[in-house]
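Engineer: So in the numbering used here the end of the sequence shown lands on 315, straight run, no missing numbers.
Here it is, the structure, as structure tokens.
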Amino acid sequence: MGREKITLKTNAEILLMREAGLITGRALEAVKNVIVPGISTLELDAIAEATIESFGAKSNFKLVAGYHHTICASINDEVVHGIPSKDRILAAGDIISIDCGAITPAGWNGDAAFSFVVPGGDEAVSAKRQALSDACEASLWAGIAALATATRLNEVGRAVEKSIRNSGRYGILQDYIGHGVGRSMHEDPAVFNYQTRDLGPVVEPGLVIAIEPMITVGSEKVRVLADEWTISTKDGSDGSHWEHTVALHAGGIWVLTAEDGGEACLSVYGVKPVPVNL
Ligand code: MG
Ligand code: MG
């Protein structure tokens, strides 16, 4: 981990990244607003792309070699990297995770994800899936809150893992983790969702990272499907994925992909996000 090359961002650069973050967040919000039983994941993809382009930005997922869509849409036992398709139709009670990112004309990236239980399903199944999503989301915010006071980066992973363990017996994906964000969507450092022996790099102002817990109801073991993208649980249990891009600057932390900068969700941790001032 000492070999990681972390590109710290200036306040001016963080302000530019806020644009990418807001566009990413708004694309996800637009998708969330139209999720109903019967809609296809390809329709959701088109809404995300239209939203990103309406702000003059582009999908950064489409810049990933071999990937041709704006979102990843992962249903039930799929955890991440599901490919949108006209044949993947959402049913009542499905849990879907949507991952999306935008790159601005200035070349800065945002990256965020949420899970959602499609309304109208069997009550018991939906409640279990909602609890899974809530556990994953809570761990994301616990990790973001930990970043506000962290001196070494794995304090984030420790907080994410602790939150998940406090929520129940969930599996935490081991090989899929968060990352730095900047002019590239994926940069150093690695951001683990669990405690590691190495405490990780020193946390310094200018660090911008995507924190993205990925958890399952059952085993943490996953496999890649025949499409060579979709990551699905081996035991068929449901998965959830939540993600935000977060900046740490001299004045505090700022959740770039949250419309309110993270204020509402961080308040329970006694953390108040601080926008960058030039
Ligand atoms: Mg993502
Ligand atoms: Mg990411």
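All C-beta atoms, glycine included, are put in the ideal place defined by N, C-alpha and C.
The structure displayed is predicted, hence computed values, not measured ones.
How many whole angstroms separate the CB atoms of Arg189 and Gly243, which I take to be in contact at a CB cut-off of 8 Å?
Structural biologist: Contact flag wrong, Cβ pair sits at about 16 Å.
Engineer: Beta-carbon within less than 6 Å of Asp159's beta-carbon, same chain only, minus the 5 sequence neighbours each way: which residues are those?
Structural biologist: Only Gly130 meet the Cβ criterion.
Engineer: Output the distance between the C-alpha atoms of Lys212 and Met54, rounded to the nearest integer angstrom.
Structural biologist: A quick correction: the sequence has Asp, not Lys, at residue 212. Cα to Cα, the separation comes out at about 27 Å.
Engineer: What does Arg260 pair with, by DSSP beta-bridge criteria?
Structural biologist: Answer is Ser269, bridged to Arg260.
Engineer: Within 10 angstroms of its Cβ, does His106 collect 16 or more other Cβ (buried), or is it exposed?
Structural biologist: Its Cβ being crowded by 16 or more others within 10 Å, His106 is buried.
Engineer: Classify Glu50 as buried or exposed, calling it buried when 16 or more other Cβ atoms lie within 10 Å of its own Cβ.
Structural biologist: Buried: at least 16 other Cβ atoms inside 10 Å.
Engineer: In terms of alpha-carbon separation, which member of Leu52, Trp178, Leu285, Val313 lies closest to Thr141?
Structural biologist: Checking every option, the nearest Cα to that of Thr141 belongs to Leu52.
Engineer: Just the C-alpha distance for Ile126 and Gly75, rounded to the nearest angstrom, thanks.
Structural biologist: Using only the alpha carbons, I get a separation of about 6 Å.
Engineer: What I want to know is whether the C-beta of Ala284 ends up closer than 7 Å to one or more non-hydrogen atoms of ligand 1.
Structural biologist: Checking every heavy atom of ligand 1 against the Cβ of Ala284, none is found closer than 7 Å.
Engineer: Cβ of Asp148 versus every heavy atom of ligand 1: is any distance shorter than 7 Å?
Structural biologist: True, at least one ligand heavy atom lies under 7 Å from that Cβ.
Engineer: Please tell me whether, using a cut-off of 7 Å, the distance from the CB of Gly157 to the nearest non-hydrogen atom of ligand 1 is below it.
Structural biologist: Outside the cutoff, so no.
Engineer: Express the C-alpha separation of Val254 and Ser176 in angstroms, rounding to a whole number.
Structural biologist: In a straight line, the C-alpha of Ser176 is about 14 Å away from that of Val254.
Engineer: Cys109 and Leu65: beta carbons closer than 8 Å?
Structural biologist: Contact flag unset, no.
Engineer: Residues in the same chain with beta-carbon distance under 6 Å from Val262, minus the five sequence neighbours each way, listed in chain order, please.
Structural biologist: The sequence shown places Leu at residue 262, rather than the Val named in the question. Only Ser269 meet the Cβ criterion.
Engineer: If we call anything under 8 Å between Cβ atoms a contact, is Trp266 one with His118?
Structural biologist: A contact, by the Cβ cut-off of 8 Å.
Engineer: Apart from the five residues on each side of it in sequence, which residues of its chain come closer than 6 Å, Cβ to Cβ, to Ala183?
Structural biologist: Around Ala183: Glu192, Val193, Ala196.
Engineer: Whose C-alpha, out of Ala187, Thr282, Asn203, is nearest the C-alpha of Gly58?
Structural biologist: Closest by alpha carbon: Thr282.
Engineer: Alpha carbon to alpha carbon, how far is Gly298 from Lys286? Give it in angstroms, no decimals.
Structural biologist: The sequence given here has His at residue 286, not Lys. Cα to Cα, His286 sits roughly 13 Å from Gly298.
Engineer: Grouping DSSP H, G and I as helix and E and B as strand, with all else coil, what is Ser152?
Structural biologist: Of the three classes helix, strand and coil, the one that applies to Ser152 here is strand, per DSSP.
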